[in-house]
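Visitor:
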Amino acid sequence: MNKLPTIRRIYSVFFFVLFLVLLFATDFRHLKGYETALFLEISPLTFFATLLSSFTVYKGIILSLFVIIPTIFLGRFFCSWVCPMGILNQWVSHIFNKRKNIDHNKINSYRSFFAFKYYLLTFLIVLAAFGSLQSGLFDPISFLTRSFTISLFPAINHSAFTMYLKQPIFSGGIIVTLIFIAVMFSNRFLTRLWCRVLCPLGALLGVISAFSPMRIRRDTKKCTDCRKCLKYCQGACDPHAALRQSECHLCMTCIEECPEGALHYGLKKQHSSEHLPLDVSRRRIIETTIATAVLFPMMRSAVNARTLDTASVIRPPGSIPEGDFLRRCIKCVECMRVCPTNVLQPALFEAGLEGLWSPVLINKIGYCEHNCVLCGHICPTGAIMPLTVEKKIKTKIGTAFYNRGRCLPWAMNIECIVCEEVCPTSPKAIWFQNTELIMRDGSIKTLKRPFIDTKHCIGCGICQNKCPVHDSPAVYVTSIGEHRSRTNQMVLKGN
Amino acid sequence: MKEDNPNSKTVSPERRNFLKACALSLGAAAAGVVFYSKEPVKRQEGKIHVLKDHRVVIPGVYPKLCIVHGKDVLKMVTAAVEKLGGISKFVEKGQRVLLKPNVGWDRQPEIAANTNPEVVAAMVTLCLSAGAKEVWVTDVSINDPFRSFARSGIEPAVLKAGGKVKIPTENDFLSTDLKGEILKVWPVVSFLHQADRVINIPVLKHHSLSKCTLSMKNWYGILGAKRNRLHQEINISISDLAAAVKPTLTVMDATRVLKRNGPTGGNLADVSAENTIIAGTDEVAIDACCLKYLDLKTEDVAFLKIAEARGTGTSDWKNALRHEEFSV
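Quick look at the structure:
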């Protein structure tokens, strides 16, 4: 009796639960120094893509060597043993197809369009080498972290279990939700469609496991060609014929199903069958590379926060300059998970198409908590750098302005200055003048009218968030003056 | 099988379909009649709650106001409450006590933007010693509540003393008629309705608009919704709240006083160590008594005049009220 499939199942449950627990613990109350971004850090795709985009292996990302090096020798074990996305897809496929009368041979056989993921990987890698990191859109760990943060956890909070004090909301969250549901639903039509056809991380692991000495091997003398090994095959790697090593997840179910004991995992034996190499056409790889290389300069013509300083692109404190930011951000939205005020929001097109789902502050929803530095400490790629509290409370992410046409003391002669009350800097960036005014009825009233001192304003946005004229606040923050930019400045002196 | 037997009496498909159609139309007609309404949406009017009076009658032999100076917070709080009649006069066995400190901001205790955690912990200990069943501590913070309760030191101090921290979620508010001049029906934190006794534990600090944040203004922290509108009539709002909420006892934390840049603070230079606890049952008197720490006079503070005129209390604590001042 082969124990490997059982061990694999135990591992898959363990890693999926670990992923959930770590993501759940990614908040102020449970953080306590755990390596909550562990799964994001061990993604080899993030390792290679960020290495190409900015020539560094940042901090925890070095941990992905624990996946890369074993994969070179053992094969693509990550996908069915560790990857929470792969495991979830497997479970969903199993539920969908359990009672369906389907042709397992057909559904679990390799098909030529499964090679699409290698071209997608090429596209993302070439793009990263040019300095636009888009791997996070398809990296399964980023994908699942994003989907759970934006869809699943708020849904749990909404329906039963209180995870947040306030129901979190996310700009364009429904798009992330629908994509997540679509990917899960696709398993109904083709088992593990995401893993087999789309996943660039799987493709990358397929490439680096192409020469592994350890693999599933079929004894041609013992094999009776019954094809039972195909029944639960997760990778669609054709264990009944010449195994496609780069597709194999080492799920070990083929060994379990084989009535003849013809399959084993390990080194080559006397009657072991031949294996097929990576199913990619060199011509198409070159085509993809050239197409991306042509596309990239065309994308440079885009108007985004990199090419033009943009008022609404307020990045979290500690963010590196926009060009570098787009080289580092994998849109995993861990920062949005950890943010206590819900101010960090997935950008739609504010930061350009390149910056889709990258974090921006929307002060109508929340504000940057003065003494909070969690986003920088959680960010796995260093797009947001960790700051100390002392440094953070001096880090300017934007500047507040008054819209005097809407501000109650300025426009309507009504007492207010809530903005001054909540301004967290010391001394307060918002100050006021006592002004004597003649009211409509001729009476005289002394009012406090607020002003911004740009020297002290750090752009945290609590003034905007707490302004009583809240549909379109009378005090609002724009990105100008932000610490990370040399160009996005307005005053000559004293910033 | 029934269908397989040609002799059995079966309903013809046409007849069955006709019966189904009849049933469906009946159902539709019934739904139309039952749900017919002149309103576009069915609305359920929620219950409007009223606040309880949490005050207790204390024999006249005891002072109404007590000022205690010292360094040991637990001793000061205990001595102050003892002078006012003892904790057993205020809290009875088996009661649920709600403490309302000021936990508005994500600031460390030293900044003095929140109530000193030692004062809160001392009150938890006192209430439990009087046999209280539960001691709850709540506030509707302005900064992130989790951060505010943790970093103010109040959450760990309360848990250590044996109390419960009740951080309100969106579902913990009840529509309440405050019956004020401008404050009518507002969402009020439900713990206030559920408690038998309520003890106000404010901190003494500066505020630009109202001049000071004292015990009466501390009731801002029971309101949900967009309470930032209250600034437009801050003095009437404070007086309305003080008239609506009738606490059992008030224990003012003047151990550290934030003298400038309030109510948020952020600089130790703005904090002055006054090492004082002021306890009593008359909020107006307590607030008036606090003014000297902020170099204010009763005339400067409009909400005191309004509250006094309404009979909420007396600002002339020196002459009109039995008080004691001592050190421990």
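Same order as they appear, the protein sequences are chains L and A.
Residue numbering for the first sequence follows the numbering used here, starting at 7 and increasing by one per position.
Residue numbering for the second sequence follows the numbering used here, starting at 106 and increasing by one per position.
The beta carbon of each residue, even a glycine, is placed where N, CA and C say it ideally should be.
1) Below 9 Å on C-beta distance, what does histidine 174 of chain A contact in chain L?
2) Looking only at its own chain, which residues have a Cβ that is under 6 Å from the Cβ of asparagine 409 of chain L, when we skip the five neighbours before and after it?
3) Specify, as a first and last residue, the run of the alpha helix (DSSP H) that asparagine 331 of chain L falls within.
4) Under a three-way DSSP split, which group does histidine 277 of chain L fall into?
5) Return the residues of the region 261-291 of chain A that lie within a Cβ-Cβ distance of less than 7 Å from chain L, sorted by chain order.
6) Can you pull out the residues from the region 468-481 of chain L whose beta carbon lies closer than 9 Å to at least one beta carbon of chain A?
7) Take tyrosine 271 of chain L and list the residues in its own chain whose beta-carbon comes closer than 8 Å to its own, dropping the five residues that flank it on each side.
8) What I want to know is whether the C-beta of isoleucine 272 of chain A ends up closer than 8 Å to one or more non-hydrogen atoms of the ligand NAP.
9) Give, in chain order, every residue of the region 356-388 of chain A whose Cβ lies closer than 8 Å to some Cβ of chain L.
10) Could you tell me whether the region 330-346 of chain L touches the region 138-154 of chain L, where touching means 3 or more Cβ pairs closer than 8 Å?
11) Based on the DSSP secondary-structure assignment, which residues constitute the bridge partners of valine 270 of chain A?
12) Where does the unbroken alpha helix (DSSP H) through cysteine 422 of chain L begin, and where does it stop?
13) Check serine 325 of chain L in the structure and name its three-state DSSP category.
14) Does the count of Cβ pairs from the region 335-354 of chain A and the region 210-227 of chain A closer than 8 Å reach three?
15) Taking the alpha-carbon of glycine 39 of chain L as reference, which of L/Leu46, L/Ala31, L/Phe45 has the nearest alpha-carbon?
16) Specify whether the region 352-365 of chain A and the region 416-432 of chain A touch according to this definition: at least 3 beta carbon pairs, one from each stretch, less than 8 Å apart.
17) Could you give the DSSP three-state label for lysine 289 of chain A: helix, strand or coil?
18) Could you pull out every residue in the same chain whose Cβ sits closer than 7 Å to the Cβ of threonine 197 of chain L, ignoring the five residues on either side in sequence?
19) Which residues, taken in chain order from the region 415-443 of chain L, show a beta carbon closer than 8 Å to some beta carbon of chain A?
20) Near methionine 106 of chain A, which residues of its chain fall below 7 Å by C-beta distance, leaving aside the five closest residues on each side in sequence?
21) Could you give the C-beta distance for phenylalanine 251 of chain A and proline 346 of chain L, rounded to a whole number, given that I count them as a contact under 8 Å?
22) Shortest alpha-carbon distance to lysine 180 of chain A belongs to which of A/Thr381, A/Ser246, A/Ala133?
23) Any beta-carbon of chain C closer than 9 Å to the one on cysteine 341 of chain L?
24) Can the beta-carbon of isoleucine 306 of chain A be found less than 9 Å from the beta-carbon of asparagine 207 of chain A?
25) Near histidine 154 of chain L, which residues of its chain fall below 7 Å by C-beta distance, leaving aside the five closest residues on each side in sequence?
26) Chain A partners of glutamine 173 of chain L, CB-CB under 8 Å?
27) Given a cut-off of 9 Å, decide if valine 23 of chain L and isoleucine 48 of chain L are closer than it, judged by their beta-carbon atoms.
28) Does the beta-carbon distance from aspartate 277 of chain A to serine 295 of chain A come in below 9 Å?
29) Helix or strand or just coil, what does DSSP make of lysine 310 of chain A?
30) So is phenylalanine 154 of chain L in contact with chain A if we call contact Cβ pairs under 9 Å?
31) Using alpha carbons as the reference points, say which of A/Asp301, A/Arg160, A/Gly199 lies closest to aspartate 387 of chain A.
32) Mind checking cysteine 127 of chain A: buried by the 16 CB within 10 Å criterion, or exposed?
33) Is the region 203-212 of chain L in contact with the region 113-133 of chain L, if contact means three or more CB pairs nearer than 8 Å?
34) What is the C-beta distance between glycine 199 of chain A and lysine 238 of chain A, in whole angstroms, given that I count them as a contact (C-beta under 8 Å)?
35) Which one of L/Arg194, L/Thr401, L/Val63, L/Leu282 has the shortest CA to CA distance from arginine 105 of chain L?
36) Cβ of proline 11 of chain L less than 9 Å from any chain A Cβ?
Guide: Taking the coordinates as given:
1) Under the 9 Å cutoff, chain L gives no residues; its nearest Cβ is about 28 Å from histidine 174 of chain A.
2) So the qualifying residues of the chain are Ala480.
3) In the sequence as presented, asparagine is not what sits at residue 331 of chain L; that position holds phenylalanine. Start and end: 328-334.
4) Collapsing the DSSP output to three states places histidine 277 of chain L in coil.
5) Of all residues in the region 261-291 of chain A, Ile272, Thr274, Glu275 have a Cβ within less than 7 Å of some Cβ in chain L.
6) Per Cβ criterion, the list reads Ile468, Lys472, Cys473, Pro474, His476.
7) So the qualifying residues of the chain are Leu10, Met220, Arg221, Ile222, Arg223, Leu256, Met258, Ile261.
8) You won't find the ligand NAP in this model; it holds no ligand whatsoever.
9) Residues passing the 8 Å Cβ filter: Asn366, Pro368, Thr369, Gly370, Gly371, Asn372, Asp375.
10) At 8 Å Cβ cutoff, the stretches touch.
11) Valine 270 of chain A pairs with A/Val242.
12) Cysteine 422 of chain L -> no alpha helix (DSSP H), and no H or E assigned at all.
13) Correct three-state label for serine 325 of chain L: strand.
14) Short answer: they don't touch.
15) Of L/Leu46, L/Ala31, L/Phe45, the residue nearest in Cα terms is L/Ala31.
16) Remark: fewer than three beta-carbon pairs, one from each stretch, lie closer than 8 Å, so the region 352-365 of chain A and the region 416-432 of chain A are not flagged as touching.
17) Note: lysine 289 of chain A maps to coil in three-state DSSP.
18) These residues qualify, in order along the chain: Ser99, Asn103, Ile113, Asn114.
19) Interface annotation for the region 415-443 of chain L against chain A: Ile420, Glu421, Cys422, Ile423, Val424, Glu426, Glu427, Val428, Cys429, Pro430, Thr431, Ser432, Pro433, Lys434, Phe438, criterion Cβ-Cβ distance under 8 Å.
20) In this prediction, methionine 106 of chain A scores a pLDDT of 46, lower than 50, which makes its location untrustworthy; the coordinate-derived value is nonetheless stated afterwards. Excluding residues up to 5 positions away in sequence, nothing lies with its Cβ nearer than 7 Å to the Cβ of methionine 106 of chain A in the same chain.
21) Yes, they are in contact, since the Cβ atoms of phenylalanine 251 of chain A and proline 346 of chain L sit about 7 Å apart, within 8 Å.
22) Of all alpha-carbon atoms in A/Thr381, A/Ser246, A/Ala133, the one lying nearest the alpha-carbon of lysine 180 of chain A is that of A/Thr381.
23) Any reference to chain C falls outside this structure, whose protein chains are L and A.
24) Cβ distance < 9 Å, so isoleucine 306 of chain A and asparagine 207 of chain A count as in contact.
25) For the sequence presented, residue 154 of chain L should be read as phenylalanine rather than histidine. Excluding its 5 nearest sequence neighbours in each direction, phenylalanine 154 of chain L has C-beta neighbours in its own chain below 7 Å: Leu29, listed in chain order.
26) Correct list: Glu275.
27) It is not a contact, given that the beta carbons lie outside the stated cut-off.
28) Cβ atoms of aspartate 277 of chain A and serine 295 of chain A: closer than 9 Å.
29) Correct three-state label for lysine 310 of chain A: strand.
30) Under the 9 Å criterion on CB atoms, phenylalanine 154 of chain L is classed as non-interfacial with respect to chain A.
31) It is A/Arg160 whose Cα lies nearest to the Cα of aspartate 387 of chain A.
32) Exposed, since its Cβ has fewer than 16 Cβ neighbours within 10 Å.
33) Touching, per the Cβ criterion.
34) At roughly 5 Å, the Cβ-Cβ gap stays under 8 Å, so glycine 199 of chain A and lysine 238 of chain A are in contact.
35) Among L/Arg194, L/Thr401, L/Val63, L/Leu282, the Cα nearest to that of arginine 105 of chain L is on L/Arg194.
36) Contacts with chain A at 9 Å (Cβ-Cβ) do not include proline 11 of chain L.
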